[in-house]
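Letter 89 of the sequence shown, counting from 1, is numbered 89 in full-length UniProt numbering, and no numbers are missing.
C-beta atoms are modelled at their ideal positions from N, C-alpha and C, and glycine is treated no differently.
Predicted model, so just to flag it, every value in this text is computed and none were measured.
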Amino acid sequence: MVWGQVTVVNLTPGPSFEQFCINYCNEKLQQLFIELILRQEQAEYQREGITWQNIEYFSNEPIVELVEQPHRGILALLDEACLAVGTVTDALFLANMDARLGHHPHYSSRKLCPTDKTMEFDRDFRIKHYAGDVTYSVEGFLDKNKDTLFQDFKRLLYNSTDPVLRAMWPDGEQSITEVTKRPLTAATLFKNSIVALVENLASKEPYYVRCIKPNDQKSPVLFNEERCRHQVAYLGLLENVRVRRAGFAYRQPYDRFLQRYKMTCEYTWPNHLMATDREATQTLLEQHGFQDDVAYGHTKVFIRTPRTLFCLEQERAQLIPIIVLLLQKAWRGALARRRCRYLRAAYAIMGYYKRHKVKAYLLELIRRFQGVRSMPDFGKSLAWPEPPAVLGRFQENSQQLFRRWRARQIVKNIPPSDMAQIRAKVAAMGVLHGLRKDWGCQRGWVRDYLSSASENPGLALPFAHRVQALRDKVHFGAVLFSSHVRKINRFNKSRDRAILITDQHLYKLEPRKQYRVMRELPLSMVTGLSVTSCRAQLVVFHTQNHDDLAVCLHKTQPRGDERVGELVGVLLEHCRTTKRELQVHVSDRIQLSLRGRKRLLTVETQPDVAAPDFRKSRDGFVLYWPGS
1 MVWGQVTVVN LTPGPSFEQF CINYCNEKLQ QLFIELILRQ EQAEYQREGI
51 TWQNIEYFSN EPIVELVEQP HRGILALLDE ACLAVGTVTD ALFLANMDAR
101 LGHHPHYSSR KLCPTDKTME FDRDFRIKHY AGDVTYSVEG FLDKNKDTLF
151 QDFKRLLYNS TDPVLRAMWP DGEQSITEVT KRPLTAATLF KNSIVALVEN
201 LASKEPYYVR CIKPNDQKSP VLFNEERCRH QVAYLGLLEN VRVRRAGFAY
251 RQPYDRFLQR YKMTCEYTWP NHLMATDREA TQTLLEQHGF QDDVAYGHTK
301 VFIRTPRTLF CLEQERAQLI PIIVLLLQKA WRGALARRRC RYLRAAYAIM
351 GYYKRHKVKA YLLELIRRFQ GVRSMPDFGK SLAWPEPPAV LGRFQENSQQ
401 LFRRWRARQI VKNIPPSDMA QIRAKVAAMG VLHGLRKDWG CQRGWVRDYL
451 SSASENPGLA LPFAHRVQAL RDKVHFGAVL FSSHVRKINR FNKSRDRAIL
501 ITDQHLYKLE PRKQYRVMRE LPLSMVTGLS VTSCRAQLVV FHTQNHDDLA
551 VCLHKTQPRG DERVGELVGV LLEHCRTTKR ELQVHVSDRI QLSLRGRKRL
601 LTVETQPDVA APDFRKSRDG FVLYWPGS
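Right under this line is the structure:
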């Protein structure tokens, strides 16, 4: 229950002592709320100078007196039985009530009505509450009314060292001299609390929730009309309706009434020029012809029938869209003009600010890059200033032009003989940078290693003769790359061979037989290369006829020299000049085709292996690479 907004739930009959107390509470609240309604209505009419018509209503004061009357009520008789000396039973208590309350019209029992078999002798009694008759069982009334917990036991628990027990028994704080009287009974305590509640509610404004029971069987499909009529009558609903009908259905202060309905009268819209709001309200209602259905109080206007209010609301609803449209036009115009001023000011500020940012950016750009010609790296280490949003594309184009200028400055100092190597390294970096740990960009690229006496001692001259013989035969232009390799033969065995790559063919050579040509493959049939991300010198040449060539570069000087990047870069640069595409894949698990059969090639590093070697595995081949 919330003070100020009180919700009262309807009575629920029951045979217990607790239900008796609850029904007594509801009787008190019912009487209080009826009086509050009538008193508030009457007070408001008197305050406003409106004639009031007295309304008769059902009063449950006799029922309340039956329960709480001193010395003669049920609660007084119950306390008397609890305090009596000797053995007092619930049946004796019922007999005492029959003797002293038998004449009361709202009290009955089986002894007083022997023919009523709905009650038991020496057990049941009935009270005619405002909401209906309730039969109570007297069993347990005396035990539930007594407070069997003595004060010394409360003091014992309060003096406990456990803080929880101390908090549960605050009554034990009282001294023994303060509690020499017998403790109050439960009924007396409940009655005192109800009296305090009623005093508090008397100053509040009640709000009601009335619950009507359709039947006593708690069935969702039964409707007992007689039972419902009885509840409607004794809940005071009819009195409330008569009170409302006798008065006025609607009332409101003059200023609020005018604020809501002034648009319905030409003399009050948009603001009236009369002396008081009462005169303006009277003019408005007379224009509509409602002067016989209203009354004028000192501060409020009273309207008797809802039809008058409905007519005013209907006319107001018709005018609201017109007023809303007028307000929208005025407000939207004001908003548009204000927004236009804001936009003009904003664009002016934005223009000045953007020009300032552009000028500051260009000055900073000139300051940073004005001496790049004399710098060793031609301004590569310089950080570009953060551009304004409007110059984002300008900075991208400027950076591209700067990179071209810087590259031109670097390239013009490179001898023409080194340009082919530079182009090959750039091509290799484009496909291997960030994917392979080392691809030999820090050293010079020789390309034709087998023609070098230091790289190929004792066999450089036979190799030169073989190259010259091939040049005379096929008339190729240049040697792109040559090196000793380890390869897989057609019997899945690992053998030492050499490869020679010219601008027309890829040759597989036999070093021990004066570099005799064992396989000749046109470069146009090479579709791609596959290399690993580790230091293993593995290269797989993918061909159009699905007979790939897998080789491992070795016998390098110095030992373990990185040459995979050189081979990849040389071939990519050659394909670029011939306008042919060459795919390069970097993976530690390489798929290859040997005479049309798919194989998987992987790499394992073995510290006890002196030289790279291919071994057959379950699903392909493994290259064992020496190293830790």
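Runs of alpha helix (DSSP H) with 4 or more residues, each lying fully within the region 335-415, are found at 392-411, listed in chain order.
Note that the region 559-569 does not touch the region 502-512; fewer than 3 beta-carbon pairs, one per stretch, sit closer than 8 Å.
The C-alpha of Arg-580 lies about 33 Å from the C-alpha of Trp-625. Annotation: the continuous alpha helix (DSSP H) that includes Phe-93 extends over 90-101. As the crow flies, the alpha-carbon of Val-526 is around 15 Å from that of Gly-596. Inclusion of Val-551 and Val-568 in the CB contact set at 9 Å is not warranted, their separation being larger than that value. Taking 9 Å as the cut-off, the beta carbon of Ser-593 is found no closer than this to the beta carbon of His-554. Around the beta carbon of Gly-440, a 10 Å sphere encloses 16 or more other beta carbons of the protein chains shown; the residue is thus reported as buried.
DSSP places Cys-575 in the uninterrupted alpha helix (DSSP H) bounded by 564-577. Rounded to whole angstroms, the gap between the alpha carbons of Ala-345 and Lys-357 is 18 Å. Here Phe-223 is exposed. Its C-beta has fewer than 16 other C-beta atoms within 10 Å.
Put simply, the region 475-485 touches the region 445-460. At least three CB pairs are less than 8 Å apart.
Secondary structure within the region 61-146: the beta strand (DSSP E) runs of 3 or more consecutive residues, fully enclosed, are 107-109, 124-129 and 132-137 (chain order). For Cys-265, the secondary structure class from DSSP, reduced to helix, strand or coil, is coil. Around the beta-carbon of Ser-524, fewer than 16 other beta-carbon atoms lie within 10 Å, marking it exposed. Per DSSP, Gly-49 has no beta-bridge partner at all. By the 16-neighbour rule on beta-carbons within 10 angstroms, Tyr-207 is exposed. CA-CA distance, Cys-311 to Phe-257, rounds to 14 Å. Exposed is the label assigned to Gln-314, since fewer than 16 other Cβ atoms lie within 10 Å of its Cβ. Cys-441: not part of any beta strand (DSSP E); DSSP gives it neither H nor E. Rounded to whole angstroms, the Cβ separation of Asn-96 and Leu-77 is 6 Å, and the two are in contact under 8 Å. Setting aside the 5 residues that flank it on each side, Arg-599 is surrounded in the same chain by Gln-591, Leu-592, Ser-593, Asp-619, Gly-620 and Phe-621, each with a C-beta closer than 8 Å to its C-beta; the list follows chain order. The alpha-carbon separation between Gly-627 and Asp-496 amounts to approximately 20 Å. Distance check between Glu-386 and each of Gly-379, Lys-380 and Phe-394 places Phe-394 closest, using alpha-carbon atoms only. Residue state for Tyr-250 is assigned as strand, using DSSP reduced to three classes. Taking every protein chain shown into account, the CB of Asn-545 has fewer than 16 other CB atoms within 10 angstroms, so this residue is exposed. Residue Met-263 holds the alpha-carbon nearest to the alpha-carbon of Gln-287 among Thr-305, Met-263 and Asn-200. A direct Cα-to-Cα measurement between Leu-75 and Leu-32 gives close to 20 Å.
Counted as a single uninterrupted DSSP element, the beta strand (DSSP E) harbouring Gly-528 occupies residues 526-531. A Cβ-Cβ separation of about 5 Å places Asp-98 in contact with Lys-111 under the 8 Å criterion. The beta carbons of Leu-623 and Asp-608 sit no closer together than 9 Å.
Setting aside the 5 residues that flank it on each side, Arg-229 has no residue in the same chain whose C-beta is closer than 8 Å to its C-beta.
Boundaries for Ala-610: no beta strand (DSSP E) harbours it, and the DSSP string shows neither H nor E there.
By the neighbour-count criterion, in which 16 or more other beta carbons inside 10 Å mark a residue as buried, Met-375 falls on the exposed side. Within the region 442-527, the complete alpha helix (DSSP H) segments at least 4 residues long are 460-474, listed from N- to C-terminus. The continuous alpha helix (DSSP H) containing Cys-228 extends over residues 225-234.
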